[in-house]
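Everything below concerns the one structure shown next.
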Amino acid sequence: MLRKHAMSLYRAADKYEIPYLRDLCRNQLMLSINASNAIEIPELSKVPLDKTLHEFATNYIASHLCKGFSVR
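In short: position in the sequence shown from 1, add 204, done, that's our numbering.
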């Protein structure tokens with residue numbers, strides 16, 4: 205369930221100040237990043253300024269752009 209709803213739960217955890225849930229969701233997002241969700245994650249990480257998640261996602265995007273992947 206966490207994998208399917210990680211982005212929504214991440215937002216809710218930030219809104220309701222539940223750091224443990226936010227951390228769980230961050231970890232899940234980092235584990236499940238792929239070409240279809242990679243672009244959304246840096247934007248998501250700006251709401252609570254989450255440098256760890258933002259840097260992870262932007263590094264993922266940069267490394268995979270060099271390999272020629274496309275985001276649909």
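Yeah, the Cβ is synthetic: ideal placement off N, Cα and C, and Gly gets one too. Source: prediction; values computed, not measured.
Taking the alpha-carbon positions, what's the residue i to residue j distance?
i, j, result
"ASN241", "TYR220", "24 Å"
"LEU253", "GLU259", "11 Å"
"LEU269", "LEU235", "19 Å"
"LYS208", "TYR214", "12 Å"
"ILE243", "ASP218", "20 Å"
Could you check how far apart the C-beta atoms of residue i and residue j are, in whole angstroms? I think they sit under 8 Å.
i, j, result
"ALA216", "ILE237", "Actually they do not touch by this definition, with Cβ atoms about 20 Å apart."
"ARG230", "LEU257", "5 Å"
Please state whether the Cβ-Cβ distance between residue i and residue j is less than 8 Å.
i, j, result
"GLN232", "ALA266", "no"
### Query
Does the region 224-232 come within contact of the region 241-248, defined as at least 3 CB pairs closer than 8 Å?
Under the Cβ criterion (8 Å, minimum of three pairs), the region 224-232 does not count as touching the region 241-248.
### Segments assigned alpha helix (DSSP H), at least 4 residues, entirely inside the region 235-276
Listed in chain order, the complete alpha helix (DSSP H) runs (minimum 4 residues) inside the region 235-276 are 244-248 and 255-271.
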